[in-house]
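Number of protein chains: 2
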Amino acid sequence: MKFLSELVLMDGESSFLLQKRVALLSAIEEVGSLSRAAKMVPLSYKGAWDMIDSMNNFCPSPVVEKVTGGVGGGGTKLTEYGKNLVKTYEVIYKEHQKFLETISHVTDFESGSLKFFRRFNMQISARNQLVATIQTIQSDKVNATLHMKLKSGYVMTSVITAGAVENLGVKVGDEVIVIFKSNSVLLSTDMDVKLSAMNKLSGVVEKIYLSEINCEVVVNVGGDHIASVVTKSAIEALDIKVGDNINAIIKSSDVMIGK
Amino acid sequence: MKFLSELVLMDGESSFLLQKRVALLSAIEEVGSLSRAAKMVPLSYKGAWDMIDSMNNFCPSPVVEKVTGGVGGGGTKLTEYGKNLVKTYEVIYKEHQKFLETISHVTDFESGSLKFFRRFNMQISARNQLVATIQTIQSDKVNATLHMKLKSGYVMTSVITAGAVENLGVKVGDEVIVIFKSNSVLLSTDMDVKLSAMNKLSGVVEKIYLSEINCEVVVNVGGDHIASVVTKSAIEALDIKVGDNINAIIKSSDVMIGK
DNA sequence: TTTCAATATATATTAAGCTATATAGCGATA
DNA sequence: TATCGCTATATAGCTTAATATATATTGAAA
Chain L
11 MKFLSELVLM DGESSFLLQK RVALLSAIEE VGSLSRAAKM VPLSYKGAWD
61 MIDSMNNFCP SPVVEKVTGG VGGGGTKLTE YGKNLVKTYE VIYKEHQKFL
111 ETISHVTDFE SGSLKFFRRF NMQISARNQL VATIQTIQSD KVNATLHMKL
161 KSGYVMTSVI TAGAVENLGV KVGDEVIVIF KSNSVLLSTD MDVKLSAMNK
211 LSGVVEKIYL SEINCEVVVN VGGDHIASVV TKSAIEALDI KVGDNINAII
261 KSSDVMIGK
Chain E
11 MKFLSELVLM DGESSFLLQK RVALLSAIEE VGSLSRAAKM VPLSYKGAWD
61 MIDSMNNFCP SPVVEKVTGG VGGGGTKLTE YGKNLVKTYE VIYKEHQKFL
111 ETISHVTDFE SGSLKFFRRF NMQISARNQL VATIQTIQSD KVNATLHMKL
161 KSGYVMTSVI TAGAVENLGV KVGDEVIVIF KSNSVLLSTD MDVKLSAMNK
211 LSGVVEKIYL SEINCEVVVN VGGDHIASVV TKSAIEALDI KVGDNINAII
261 KSSDVMIGK
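Line order of the protein sequences matches chains L and E. Heads up, the first sequence is in my numbering, so the first residue is 11 and it goes up one at a time. Heads up, the second sequence is in my numbering, so the first residue is 11 and it goes up one at a time.
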């Protein structure tokens with residue numbers, strides 16, 4: 011499992027090699043031959059062959075399928091597993107670069123120390139975390155109002171402190187995460203309800219988890235899943251079931267931003 | 011700036027060397043001599059000397075001060091800058107390890123793909139992010155109630171979904187981040203106020219930022235700073251000023267957890 | 001059955017980096 | 001001024017890994 015653990019662990023001394031390995035896999039996918047892929051990277055044929063051999067041995071499934079002989083002499087192509095590996099590496103690599111970039115931002119080169127502590131890599135308990143793009147930012151001295159477009163097309167409004175906007179360094183066009191707790195999501199079957207300073211998202215009830223007191227309702231809003239926790243009696247009063255149209259309502263001051 | 015950019019960028023092929031460099035610096039700090047530090051790492055004297063030389067040249071300030079001759083033959087000790095570098099490296103290294111650990115959790119070894127997408131390395135807009143230790147977790151089917159102790163000694167309560175607890179994988183004793191928006195913080199000068207399902211934190215008004223409509227009040231609660239956004243009229247009604255005793259009140263359902 | 005271009009495999013060469021080793025220089029103290 | 005243990009510096013030798021090179025093997029198709 012050496013190759014995978016390297017991929018996952020990126021343990022420094024070998025992550026450069028790892029990059030070459032992924033480059034080799036990509037090249038194989040492109041040209042369908044190990045010898046030609048080795049020339050592309052570039053890498054000696056033996057080096058490339060050894061890499062592929064060790065990958066095939068150490069991974070739970072082979073990364074390539076090799077054909078020896080035949081018309082054209084044979085060839086090499088990636089397995090499903092190998093393709094997954096390349097894709098996974100690319101995602102991880104990108105996130106890693108983001109991590110390194112953040113580090114370089116908080117490091118003060120002149121003093122050799124960190125400018126401020128920063129919790130990297132934090133997961134938060136909020137169930138609702140949707141990807142959105144910032145459309146407008148209006149700030150006064152204390153508060154700022156942001157409008158963000160979800161990938162479903164819905165526009166959400168968030169009111170956060172102006173200081174938070176400055177801290178995050180968000181600007182129009184940025185991709186951000188819209189965050190809100192599931193118990194700040196109200197439900198309404200009145201599809202024409204008019205509310206001020208509220209986000210109203212129309213969707214379809216996808217799942218209902220019942221318990222004695224509270225219930226969790228998952229609403230599908232244009233592909234995004236929004237979780238709402240309401241009391242059981244509220245569910246009974248609304249008389250909703252899976253498949254019903256429903257509005258998810260979130261106060262804009264309950265909406266946070268992640269970047 | 012090669013050494014620092016390596017420290018910050020951890021660009022794979024050289025991060026192993028980097029680790030040796032930091033180990034060398036630590037050893038110098040400990041023993042006060044380059045030759046003995048080299049033996050500790052272990053490293054050849056010339057190798058160690060070259061490292062230190064290149065670091066001194068590439069960094070904005072020298073990392074060590076060397077004394078040649080004298081009783082005991084001289085010695086080498088870290089500069090302030092060098093000490094900062096070691097400390098910074100340790101923080102970054104730890105965060106990096108956490109990052110890698112997270113990656114290994116979301117990577118499926120069997121299929122070579124990611125189990126699910128995960129936003130690493132996210133900053134969130136909430137102003138109040140306090141370090142705390144989990145004391146108790148009570149779960150029912152939908153909701154979970156968590157008690158967490160701040161470093162000031164105050165215990166805070168959070169109600170989040172049981173699913174969130176499971177997702178985060180938090181357990182009693184874990185260090186977590188308590189997160190809440192500044193506009194879910196209410197203020198009260200009645201120090202004896204009794205409230206159910208509420209967090210009440212007694213502190214001292216540290217700063218007041220005024221604007222036409224809203225105000226931001228920073229309350230010092232046993233060393234932690236809690237930001238509250240309230241309306242200007244509320245401030246006037248409370249008649250508070252810097253130095254006054256005050257209660258910060260946060261509904262437990264407004265409190266989120268980060269890990 | 002020959003051909004072809006690839007895979008499969010071994011060996012020699014080269015390059016780089018580190019180690020080992022040796023020696024000169026230094027300067028406060030006794 | 002002799003001593004001591006460290007820094008400063010150079011060079012030869014070793015280790016490792018990759019490259020270059022050569023050659024055998026494979027099997028479908030002409």
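Even glycine gets a Cβ: it sits at the ideal position worked out from N, Cα and C.
- Per DSSP, reduced to three states, the secondary structure at Tyr164 of chain L is coil, with no helix or strand assignment.
- Comparing C-alpha distances from Leu156 of chain E to each of E:Thr89, E:Gly183 and E:Ser135 shows the shortest one belongs to E:Gly183.
- Residues of the stretch 33-50 of chain L that bring their beta carbon within less than 7 Å of a beta carbon in chain E are absent altogether.
- When Cβ-Cβ separations below 8 Å define contact, Thr143 of chain L makes no contact with chain E.
- No Cβ-Cβ contact shorter than 8 Å links Lys204 of chain L with Ala172 of chain L.
- Considering only beta carbons, the part of the stretch 112-123 of chain L lying closer than 8 Å to chain E consists of Thr112, Ile113, Ser114, Thr117, Phe119, Glu120, Ser121, Gly122 and Ser123, in chain order.
- Residues of chain E whose Cβ lies closer than 7 Å to the Cβ of Asp234 of chain L do not exist, since the nearest Cβ in that chain is about 13 Å away.
- By the criterion of a C-beta distance shorter than 6 Å, Val175 of chain L is surrounded in its chain by Ala154, once the five residues flanking it on both sides are discounted.
- Unbroken alpha helix (DSSP H) stretches of 4 residues or longer found wholly inside the stretch 147-194 of chain E: 172-178, given in chain order.
- Contact annotation for Lys97 of chain L against chain E: Gly122, Ser123 and Leu124 [CB-CB distance below 9 Å, chain order].
- Contact check for Ile259 of chain L and Ser198 of chain L: beta-carbon distance about 6 Å, within the 8 Å limit, so the pair qualifies.
- Residues of the stretch 139-164 of chain E with a C-beta atom less than 8 Å from some C-beta of chain L are Gln139, Asp150, Lys151, Val152 and Asn153, listed in chain order.
- Within the stretch 238-252 of chain E, contact with chain L at the beta-carbon level (separation under 9 Å) is assigned to Val239.
- Look at Ala258 of chain E: its C-beta is not under 8 Å from any C-beta on chain L.
- When DSSP reads this structure, Ser123 of chain L sits in a beta bridge with L:Asp118.
- A direct Cα-Cα distance of roughly 44 Å separates Val116 of chain L from Ser43 of chain L.
- Gly82 of chain E: not part of any beta strand (DSSP E); DSSP gives it neither H nor E.
- Between Tyr91 of chain L and Leu110 of chain L, the alpha-carbon positions lie close to 28 Å from each other.
- Assignment of Asp202 of chain E by DSSP, reduced to helix, strand and coil, places it in the coil class.
- Per DSSP, the unbroken alpha helix (DSSP H) holding Ile62 of chain L starts and ends at Tyr55 to Phe68.
- In this structure, DSSP gives Met50 of chain L a helical state, which the three-state scheme calls helix.
- Contact check between the stretch 239-253 of chain E and the stretch 184-198 of chain E: three or more CB pairs, one atom from each, fall below 8 Å, which counts as touching.
- For Arg137 of chain L, the closest Cβ of chain E is nearer than 8 Å.
- Approximately 5 Å separates the beta-carbon atoms of Thr98 of chain L and Leu124 of chain E; this is inside 8 Å, confirming the contact.
- As the crow flies, the alpha-carbon of Gly83 of chain E is around 39 Å from that of Ser114 of chain L.
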